[in-house]
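Structure record follows, encoded as C-alpha cells.
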Amino acid sequence: MTHDNLGDDLIGALEEALAYQQGAVSGARLDRVPYTARLAAVDPPPVYDAQQIRSLRKRLNVSQPIFAGMLNVSGSTVRAWEQGQRQPDGPSLRLLQIADRHPDALLGHVASQDRGARRAG
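So the sequence shown is numbered by full-length UniProt numbering: it starts at 1 and just counts up by one.
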C-alpha cells in the first residue's frame, strides 16, 4: 500500500476482504499504514465587559443602532451590554472580537445614507 494512491489502495483492500469473506481467497494480507490525525484547536473569544464594548463602539465611531446592525443584534442588546445589564455570549463574543481586531471586516457593511437624497428619490 502506498500513500500516493490511498483511495485506490483502500478500494483494493476492501475488495480483497470481500473476496476472502466469500471464500475466493485462501489467505489474507495485513498491511499497516501509519496515519497521523491532525487536530485543530480554536481559542475561545475574549470576554468583553461594558466599558470595553462602549470603547470599541466609540473607536469605530458608530452609534448603538449601527453597532447593533453590524453585530446582528438589537439596539437594546447593545445598550444593555454597555450598561452592564447583560453580558454578550456565544457568537456575539466572536463578532466583538472580529470588530475589535479587524474592524474593516464589519465596517465595510455600513452604508452611508444621505437623507436629503432619500427624500428627493
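Using N, Cα and C, we set each Cβ at its ideal position, and we do this for glycine too.
Since we're looking at a predicted model, the values are computed, not measured.
{"Check": "Within the same chain, show all residues whose beta-carbon is closer than 7 Å to that of S92, passing over the 5 residues directly before and after it, in chain order.", "Outcome": "L71, V73"}
{"Check": "Which runs of the alpha helix (DSSP H), 4 residues or longer, sit entirely within the UniProt domain \"HTH cro/C1-type\" (53–106)?", "Outcome": "64–71, 75–82, 91–101"}
{"Check": "Return the residue from the list I66, Q83, D9, G23 that minimises the CA-CA distance to L106.", "Outcome": "I66"}
{"Check": "With H, G and I counted as helix, E and B as strand and the rest as coil, what does DSSP make of D8?", "Outcome": "helix"}
{"Check": "Among the residues of its own chain, which have a CB less than 6 Å from the CB of R54, if the five just before and after it don't count?", "Outcome": "E82"}
{"Check": "Going straight from the alpha carbon of Q87 to that of L6, what length do you get?", "Outcome": "49 Å"}
{"Check": "With DSSP as the reference, label L18 as helix, strand or coil.", "Outcome": "helix"}
{"Check": "Cα separation between Q51 and Q64?", "Outcome": "14 Å"}
{"Check": "Hey, L96 and L60: beta-carbon distance below 8 Å or not?", "Outcome": "no"}
{"Check": "Can you tell me whether Y48 is buried or exposed? The criterion is at least 16 other CB atoms within 10 Å of its CB, across all chains shown.", "Outcome": "buried"}
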